[in-house]
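Student:
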Amino acid sequence: MIYRFNRVRWEPLLDPVAQRNIQHWLDDLLQLFNRLLHNEQAYLEASHPKARAVTKHLHALRKCVGEARHHVLGETTSSKLLSAVKREICQPDLPDLMDNNPYLLGCNNGVLDLRAPNAFRSNRPEDMVSKTVGYDWVEQPDPKIEADVEEMMCQIYPVSAERAMFQLFCESDQRYAEEKHKPHTFKARSDMKAKIKEWRPYLLRWFLAGCQQYLAQGFNDIPLECLAWQKQLVERQNSVTCFCKEHLERSEDPHAYVDRSMLYEAYKAAYPEERIKKTSLGKRKWFQQLHAYLGAQGYHERKLVGPEHCKQQRRDVWVGWAMVN
1 MIYRFNRVRW EPLLDPVAQR NIQHWLDDLL QLFNRLLHNE QAYLEASHPK ARAVTKHLHA
61 LRKCVGEARH HVLGETTSSK LLSAVKREIC QPDLPDLMDN NPYLLGCNNG VLDLRAPNAF
121 RSNRPEDMVS KTVGYDWVEQ PDPKIEADVE EMMCQIYPVS AERAMFQLFC ESDQRYAEEK
181 HKPHTFKARS DMKAKIKEWR PYLLRWFLAG CQQYLAQGFN DIPLECLAWQ KQLVERQNSV
241 TCFCKEHLER SEDPHAYVDR SMLYEAYKAA YPEERIKKTS LGKRKWFQQL HAYLGAQGYH
301 ERKLVGPEHC KQQRRDVWVG WAMVN
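In UniProt numbering, the protein residues as written are 1 to 325.
Given below as C-alpha cells:
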C-alpha cells in the first residue's frame, strides 16, 4: 500500500495521483520482465531442445505480460492497475515489491529520509511512502527516557561490540527488539510491555543513530557469531527464577505452604506472554525450574491441605514458603 499525508494523518494514496506517478514505471517494469522471459525462452530453446513444456510456459507468461501492459496503459484507477498486474503475472508479492520504498519512513508529524539518517522534515504533498510507524518523531527527546532506553539495550546486548553491531536500522532488527525478543528477555520485567510502546520513538532514534554510524561501512547482515551469541542470551533467560524471587519468600510458619496450581496461575498472570503457544515455557519445564528453585526438601505430592473444618483437598505443595505479592 502507498500512503500520502493528508492534513493530519497518512492515508492510502487515491486516484488520480497514483496513476500519474506509477503508470510509466509499471510499463517499464513489464517491458523488462518481457525481455527477461524472451531471453530465457531463447536460451532454453537453443540449449535444451526437449524443453518444450518449459518454453511453452514461458511463452504463455510473455503473453500474460503483454496483456498486463495493455491493462496498465488502459486502466484509469490505481486499484485496477494493481489488480491487473497481480492477476496477469500471477505474482502475489508484486504490489508489495512495487510499493517498497526503503528510503522514506512516515511519522505522524513528518517524514524521515533513511538515506540521510535523522533527516526529519515536514510532510510534502508529493511524498509517497510504503511504511508509516504510527507515532510522532521526537524532535526534542527526553534525556531520562533516552537513558532508560540505552539501559534496556545494554541489558539486551551487554557486550558493547555486539550492541554496536545490532544498532542498525532495518525492519528485522526493530521487530526483534519490539516483539520477537520480548517473550524471552523482557519477561523478567512485567512493566516492559507498556514501556516498549512508550519508547518506540526512542527506539527509532536509537536504530537511526546506528544507521548513521555504520551506513558508510556497509554492514548489511548480522554475522553468524552474533546470531550464536543472541541465541545463548535468549536461552539464559529464566522467568521462573525471577518470578520466585519477586513473589515468594521463606516462612517460619509451620502451616505456611504454596501449592503448584496456585503458583502456575500467578505465574501466567505475571507473564502474559507465556499464554502464547509459540513462546510458552510448558508446564513440565515450568515445574522442573520451579522445583529446582524451591528444592525437594519441603515438597509434598498430593498432600491434604485446607482448614480442618472444611473439606480438605489433595495438592502438590511446598511447605515453608509463602506468597508476598
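Every residue, glycine too, gets a C-beta built ideally from N, C-alpha and C.
How many angstroms separate the CA atom of Lys245 from the CA atom of Asn109?
Tutor: Your numbering for residue 245 matches position 245 in the sequence shown. Your numbering for residue 109 matches position 109 in the sequence shown. Computed Cα separation, rounded: 43 Å.
Student: Which residue or residues does DSSP assign as beta-bridge partners of Phe243?
Tutor: Along the sequence shown, read from residue 1 onward, the residue named residue 243 stands at position 243. According to DSSP, Phe243 bridges with nothing at all.
Student: Do you know how far the Cα of Tyr135 is from the Cα of Lys195?
Tutor: Looking up residue 195 in the sequence shown gives position 195. Looking up residue 135 in the sequence shown gives position 135. Each residue's alpha carbon lies about 14 Å from the other.
Student: Tell me Tyr257's beta-bridge partners as DSSP assigns them.
Tutor: Here residue 257 is taken as the residue at index 257 of the sequence shown, counted from 1. In DSSP, Tyr257 forms a bridge with Val319.
Student: What is the DSSP secondary structure of Arg250, counted as helix, strand or coil?
Tutor: Position 250 of the sequence shown holds residue 250. Looking at Arg250 - three-state DSSP - the assignment turns out to be strand.
Student: Grouping DSSP H, G and I as helix and E and B as strand, with all else coil, what is Glu301?
Tutor: By one-based count along the sequence shown, residue 301 stands at place 301. Correct three-state label for Glu301: strand.
Student: Among His255, Gly106, Gly282, Ala269, whose alpha-carbon lies nearest the alpha-carbon of His247?
Tutor: By 1-based counting over the sequence shown, the position of residue 247 is 247. Minimum Cα distance to His247 is reached at Ala269.
Student: Using 8 Å as the threshold, is the C-beta distance between Leu105 and Val133 below it?
Tutor: Position 105 of the sequence shown, counting from 1, holds the residue named residue 105. Position 133 of the sequence shown, counting from 1, holds the residue named residue 133. Yes; because the gap between Cβ atoms is below 8 Å, this pair is in contact.
Student: Give every residue of the same chain whose Cβ lies closer than 6 Å to the Cβ of Phe120, excluding the five residues on either side of it in the sequence, and list them in chain order.
Tutor: Residue mapping note: residue 120 aligns to position 120 of the sequence shown, counting from 1. Correct list, in chain order: Gly110, Leu112, Trp137.
Student: I'd like the span of the beta strand (DSSP E) that includes residue 398, first residue to last.
Tutor: No information on residue 398 is available, as it lies outside the stretch 1 to 325 that the chain covers here.
Student: So what does DSSP say about Arg124, is it helix, strand or coil?
Tutor: The count along the sequence shown starts at 1 and reaches residue 124 at position 124. The answer is coil: DSSP assigns Arg124 none of H, G, I, E or B.
Student: Take Cys242 as the anchor and find which of Leu208, Glu252, Phe287, Tyr267 has the nearest alpha-carbon.
Tutor: Numbered from its first residue, the sequence shown carries residue 242 at position 242. Checked all of Leu208, Glu252, Phe287, Tyr267; the closest Cα to Cys242 is Tyr267.
Student: Using the three-state DSSP reduction, which class does Val111 fall into: helix, strand or coil?
Tutor: Position 111 of the sequence shown, counted from the start, is the residue given in the question as residue 111. In this structure, Val111 counts as strand in the three-state DSSP scheme.
Student: So, at 6 Å on beta carbons, what are the nonlocal neighbours of Trp199 in its own chain, with the 5 sequence-adjacent residues on each side left out?
Tutor: Along the sequence shown, read from residue 1 onward, the residue named residue 199 stands at position 199. Around Trp199: Val149.
Student: Taking the alpha carbon of Gln288 as the reference point, which residue from Asn123, Arg260, Gly320 has its own alpha carbon closest?
Tutor: Reading the sequence shown from its first residue, position 288 is the one you call residue 288. Closest option to Gln288, Cα to Cα, is Arg260.
Student: Taking the alpha-carbon of Met323 as reference, which of Val258, Asp142, Tyr264, Glu265 has the nearest alpha-carbon?
Tutor: Here residue 323 refers to the residue found at position 323 of the sequence shown. The candidate whose alpha carbon is nearest that of Met323 is Val258.
Student: Can you tell which of Tyr202, Arg315, Val240, Arg250 has the C-alpha that lies nearest to the C-alpha of Glu151?
Tutor: Against the sequence shown, residue 151 aligns to sequence position 151. Of the listed residues, the one whose Cα sits closest to Glu151 is Tyr202.
Student: Could you tell me if Cys107 is buried or exposed, where buried requires 16 or more neighbouring beta carbons within 10 angstroms of its beta carbon?
Tutor: For this step, residue 107 is matched to residue 107 along the sequence shown. Its Cβ being crowded by 16 or more others within 10 Å, Cys107 is buried.
Student: If contacts are defined as beta-carbon pairs under 8 Å, then Arg250 and Trp321 qualify, I think. What distance do you get, rounded to the angstrom?
Tutor: In the sequence shown, residue 250 corresponds to position 250, counting from 1. In the sequence shown, residue 321 corresponds to position 321, counting from 1. Arg250 to Trp321, Cβ: 6 Å. Contact.
Student: Our contact map puts Arg205 next to Pro254 with C-beta atoms below 8 Å; I'd like the distance itself, whole angstroms only.
Tutor: Taking the first residue of the sequence shown as 1, we reach residue 205 at position 205. Taking the first residue of the sequence shown as 1, we reach residue 254 at position 254. Their Cβ separation, rounded to whole angstroms, is 56 Å, which puts Arg205 and Pro254 out of contact at 8 Å.
Student: Tell me, to the nearest whole angstrom, how far the beta carbon of Val240 is from that of Tyr293; I am working on the premise that it is less than 8 Å.
Tutor: On the sequence shown, position 240 is the one that residue 240 refers to. On the sequence shown, position 293 is the one that residue 293 refers to. With a Cβ gap of about 7 Å, Val240 and Tyr293 count as contacting.
Student: Does the ligand FAD have a heavy atom nearer than 7 Å to the CB of Phe243?
Tutor: As presented, the structure is devoid of all ligands, the ligand FAD included, so that no description of it is given.
Student: Rounded to whole angstroms, what's the CA-CA distance from Ile145 to Cys154? Just pull it up for me.
Tutor: As a first step, residue 145 is located in the sequence shown; it is residue number 145 there, counting from the start. As a first step, residue 154 is located in the sequence shown; it is residue number 154 there, counting from the start. Each residue's alpha carbon lies about 14 Å from the other.
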